[in-house]
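Numbering (our numbering), first residue to last: 367 to 500.
Below, the structure written as structure tokens:
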């Protein structure tokens, strides 16, 4: 998927998706939807987020996620909420908007919070505030 000819990967994905729900990384879904110009553009988003978060204390990459997905980042200090354990602040990749990043704030209790649409630039400029809030 990451090394085969891009047009072949996209053609195969579309063929499988026409028959059944095909698991795929966010960048392939975005490429299919016309939101990315290339696989390399998607990898550049992943690389920029990884470069930023891996250099900051407390951020951990979680490689296991839904079938086909690449993983996400958690801010570990946010796991201990004011009233006990919490689900940590999470940065996920998405094809649902052209910024390709979702910030999911730390939360506790039932339900899931709504992800906030972000870009890599948003993440870069707001990272210190995100860590303080967490």
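Cβ atoms here follow ideal geometry from the backbone N, Cα and C, with glycine treated the same way.
By the Cβ test, the segment 410-429 is in contact with the segment 458-466, since at least three Cβ pairs between them sit closer than 8 Å. Cα atoms of residue 369 and residue 375: separation of roughly 9 Å, rounded to the nearest angstrom. Here DSSP, grouped into helix, strand and coil, assigns residue 463 to coil. Ranking 454, 441, 409 by CA distance to the CA of residue 475 puts 454 first. Following the DSSP letters along the chain, one finds residue 493 inside the alpha helix (DSSP H) bounded by residues 486-499. Secondary structure note for residue 407: its alpha helix (DSSP H) is the uninterrupted segment 405-420.
In the three-state reduction of the DSSP assignment, residue 446 falls in the strand class, which pools E and B. Our two residues, residue 421 and residue 427, have alpha carbons roughly 12 Å apart in a direct line. The beta carbons of residue 401 and residue 466 sit closer together than 9 Å.
Boundaries of the alpha helix (DSSP H) around residue 374: 372-383. When C-alpha distances from residue 487 are compared across 478, 477, 468, the shortest belongs to 468. No residue range can be given for residue 430, since it is assigned to no alpha helix (DSSP H) and is classified by DSSP as neither H nor E.
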